[in-house]
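**Student:**
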Amino acid sequence: MKRIPVSSRRQFIGRTAAAIGFPTIIPASVLGQNAPSNKITMAVFGWGMMGPSNTGKFLQEQDCQIVAACDIDKRNLEKALNTINSAYKNQDCKPYHDYREVMARKDIDTVMLALPDNWHALTSIEAAKNGKDIYGEKPLARTIAEQQAIVKAVQKHGRIWQTGSWQRSEDNFRIGAEIVRNGLIGKLKEVHVGLPSGHNDFAKTGDKRSVTPPPAELDYEMWIGPATMQDYIECRVHKNWRWDYNIGGGQLLDWIGHHCDIAHWGMDMDSSGPIEVNPIQVDMPPRTDIWNTATKYRAEAKYAGDITMIIAGGHDDIKMGTKWIGTDGWVYVNRGGAFDCSNPALKKIIKKRKDEKDPNSEVIEAAVAPKLGDDVIKTRLYETKGHHRNFLDCVKSRQPTVTPVETAHRSATPGHLALISFLTGRSIKWDPAKEEIIGDADAAKLLTREYRGPWKLEA
21 MKRIPVSSRR QFIGRTAAAI GFPTIIPASV LGQNAPSNKI TMAVFGWGMM
71 GPSNTGKFLQ EQDCQIVAAC DIDKRNLEKA LNTINSAYKN QDCKPYHDYR
121 EVMARKDIDT VMLALPDNWH ALTSIEAAKN GKDIYGEKPL ARTIAEQQAI
171 VKAVQKHGRI WQTGSWQRSE DNFRIGAEIV RNGLIGKLKE VHVGLPSGHN
221 DFAKTGDKRS VTPPPAELDY EMWIGPATMQ DYIECRVHKN WRWDYNIGGG
271 QLLDWIGHHC DIAHWGMDMD SSGPIEVNPI QVDMPPRTDI WNTATKYRAE
321 AKYAGDITMI IAGGHDDIKM GTKWIGTDGW VYVNRGGAFD CSNPALKKII
371 KKRKDEKDPN SEVIEAAVAP KLGDDVIKTR LYETKGHHRN FLDCVKSRQP
421 TVTPVETAHR SATPGHLALI SFLTGRSIKW DPAKEEIIGD ADAAKLLTRE
471 YRGPWKLEA
């Protein structure tokens, strides 16, 4: 077989991509340019909770090379460098403090963003403008306006986006959604989205609630970024920032990109959303509290087609996970492979230990998601070989990932609207096509937040 020169291969791929409508901006490493090892180069941002987890996954992929790490806490940055360079048995991964310096590097193809919510928009947009493909955490951003700006930037610059909504890459979630999409529970009437409640002390700093000077290793001015400046209190920074409304959105927004994402998948709502969201119940600490996000909550979202979604945390009747209820039955999915449904023909019963970590625990019967044939499932949903693997494959193919940017935006929108309904105490009417709040100018102001200078939100 005649070998095609590298330059000719690049020209061929570019012409082919253009002919079939794919973006022609393909990572240099994929085409063999400036990358003798033909690896996709990556920079990782944030070394708190999801940063180490995502980095560990990418370190396992042989066609990915992490070449830069960025964190504004020197202690976390040192941990990141030690982990990455130890894995590669070299010192090639370079440290950075300012995300903009990393984004400007032409030899970096992709970025992994695992930052507090207040930084999602600025870093994502900067990455897209600099031609990087992006693996970003959920929720897509701190506000709906920021999410819209990210979607615009990613689409404008033709970037590949994968959200950390990894449940779509698990079989039980996909099979549950397929059962719903194929009409096997009849006409969909109700959806339960069960989320956590309370506040988790992830950093084990919950007792450190005094105002103190920031540690010398942390650039606190940069950490606050576009959010409102406030005193440094250790229990509301690393990992526990989720419980501070100035930075995050509590359990509601921390988890909406998981179980509501799966709910939307089954509902075929990846490009749409609710038409109304009503506040049913919320326990919201005073805004002056250090941890001030909702601890218990319940909202009701109305969708076209007379479908009601209940989003709840801390309510016993709404179990953690996703449950679709139709006129002919129901399907339930959750983490750990959890799956159940009302139709015995659509599930498989196995025997297992009640506590799988204890070999002496009680043996029980449990339902698992079966492999259903094409005679049952006519419409198949996107199946991956792993969430992080899917991102790298799509960087090469320029095909959409299983959780592209608009999907991430639409999955988080019901959570943002629920939060607005809690803050205003009234029903929110929403136009999912125009993405506007209808007839409530004060509520519409909560679609965005004021940026602290010199930071500006631009797409």
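Sequence positions in the sequence shown follow the working numbering and run 21 to 479.
The beta-carbon is built from N, C-alpha and C at its ideal position, and this holds for glycine as well.
As the structure is a prediction and not an experimental result, all values here were calculated from the model.
Rounded to whole angstroms, what's the CA-CA distance from R120 to P452? Just pull it up for me.
**Tutor:** Here the alpha carbons of P452 and R120 stand approximately 33 Å from one another.
**Student:** Is DSSP giving G346 helix, strand or coil here?
**Tutor:** strand
**Student:** Applying the 10 Å Cβ sphere with the 16-neighbour rule, what's the burial state of D281?
**Tutor:** buried
**Student:** Can P246 and N138 be called in contact, C-beta distance under 9 Å?
**Tutor:** yes
**Student:** Helix or strand or just coil, what does DSSP make of I45?
**Tutor:** Its pLDDT being 42, under 50, I45 is placed unreliably by the model, and the measurement read from it follows with that caveat. Three-state result, I45: coil.
**Student:** Could you say if the region 368–384 and the region 155–165 meet the contact criterion of at least three C-beta pairs nearer than 8 Å?
**Tutor:** Here the region 368–384 does not lie against the region 155–165, with fewer than 3 beta-carbon pairs under 8 Å apart.
**Student:** My parser needs the beta strand (DSSP E) runs of 3 or more residues fully inside the region 196–223; what are they?
**Tutor:** Taking only runs of at least 3 residues, the beta strand (DSSP E) segments lying wholly in the region 196–223 are 208–215.
**Student:** Tell me the rounded alpha-carbon separation between L51 and K126.
**Tutor:** Only weak support exists for where L51 lies, its pLDDT of 47 falling under 50; the coordinates are left without a value.
**Student:** In chain order, what residues of the same chain lie with their CB nearer than 8 Å to the CB of I440, ignoring the 5 residues before and after it?
**Tutor:** V297, I448, I457, A463, L466, L467
**Student:** Can you list, in chain order, the residues of its chain with a C-beta nearer than 6 Å to that of L238? Leave out the 5 residues immediately preceding and following it.
**Tutor:** D93
**Student:** Who are the Cβ neighbours of A277 in its own chain at under 6 Å, not counting the five residues just before and after it?
**Tutor:** According to the sequence shown, residue 277 is Gly rather than Ala. Cβ neighbours of G277 beyond the five flanking positions: K158, P159, S185, S431, A432.
**Student:** Can the beta-carbon of T248 be found closer than 9 Å to that of E478?
**Tutor:** no
**Student:** Could you spell out where the alpha helix (DSSP H) holding C280 opens and where it closes?
**Tutor:** Taken as a continuous stretch (DSSP letters only), the alpha helix (DSSP H) holding C280 covers 270–287.
**Student:** Given A283, which residues of its chain have a CB within under 6 Å of its CB, disregarding the five upstream and five downstream residues?
**Tutor:** V211, V213, T342
**Student:** Using a Cβ distance threshold of 8 Å, determine whether the region 391–404 contacts the region 165–177, with at least three qualifying pairs required.
**Tutor:** no
**Student:** Kindly list the residues whose CB is nearer than 6 Å to the CB of I244, restricted to its own chain and excluding five residues on each side of it in sequence; keep chain order.
**Tutor:** none
**Student:** Given a cut-off of 9 Å, decide if F442 and A314 are closer than it, judged by their beta-carbon atoms.
**Tutor:** Less than 9 Å divides the Cβ of A314 from the Cβ of F442.
**Student:** Measuring straight from C-alpha to C-alpha, what distance separates K372 and Y252?
**Tutor:** 48 Å
**Student:** Where does the unbroken beta strand (DSSP E) through C361 begin, and where does it stop?
**Tutor:** 359–361
**Student:** Can you find the residues in the same chain that come closer than 8 Å, C-beta to C-beta, to R256, ignoring five residues on each side of it along the sequence?
**Tutor:** W263, D264, I267, I310, W311
**Student:** Please report the straight-line C-alpha distance between I86 and G66, rounded to a whole angstrom.
**Tutor:** 14 Å
**Student:** Taking the alpha carbon of M123 as the reference point, which residue from D153, A134, C84, R95 has its own alpha carbon closest?
**Tutor:** Nearest C-alpha to M123: D153.
**Student:** In the structure shown, what three-state DSSP assignment does R409 receive?
**Tutor:** DSSP places R409 in the helix class (H, G or I) of the three-state scheme.
**Student:** Mapping DSSP to helix, strand and coil, what is M304?
**Tutor:** coil
**Student:** Residues bridged to T183 by DSSP?
**Tutor:** G156
**Student:** Identify the residues that DSSP records as bridge partners of D451: which are they?
**Tutor:** E456
**Student:** With 16 as the cutoff for other CB atoms within 10 Å, does V231 come out buried or exposed?
**Tutor:** exposed
**Student:** Here's a check: name, in chain order, each residue in its chain whose Cβ is nearer than 8 Å to the Cβ of G41, leaving out the five neighbours to either side.
**Tutor:** A caution first: G41 carries a pLDDT of 42, below 50, which makes its placement in the model unreliable, though a value can still be read off. The answer is none, since no qualifying residue turns up.
**Student:** Roughly how many whole angstroms lie between the Cα atoms of L366 and D288?
**Tutor:** Looking at the backbone, the Cα of L366 and that of D288 are separated by about 20 Å.
**Student:** According to the neighbour-count rule (16 or more other Cβ atoms, all chains shown, within 10 Å of its Cβ), is K224 buried or exposed?
**Tutor:** exposed
**Student:** Going by DSSP, what residue range makes up the beta strand (DSSP E) through E320?
**Tutor:** 316–323
**Student:** Report the residue ranges of all beta strand (DSSP E) runs contained in full by the region 102–140; include only those spanning at least 3 residues, in chain order.
**Tutor:** 114–116, 130–133
**Student:** To which residues of the same chain is S217 closer than 7 Å at the C-beta, ignoring the five residues directly before and after it?
**Tutor:** Q271, T315, K316, G333, G334
**Student:** If you drop the 5 nearest sequence neighbours on each side, which residues of the same chain put their C-beta closer than 8 Å to that of W475?
**Tutor:** L142, G245, P246
**Student:** Using a Cβ-Cβ cutoff of less than 6 Å, which residues in the same chain neighbour R95 once the five nearest sequence positions on both sides are dropped?
**Tutor:** E237
**Student:** Leaving out the 5 sequence neighbours to the left and right, which residues in its chain are closer than 7 Å to F222 when beta-carbon positions are compared?
**Tutor:** M69, K259, N260
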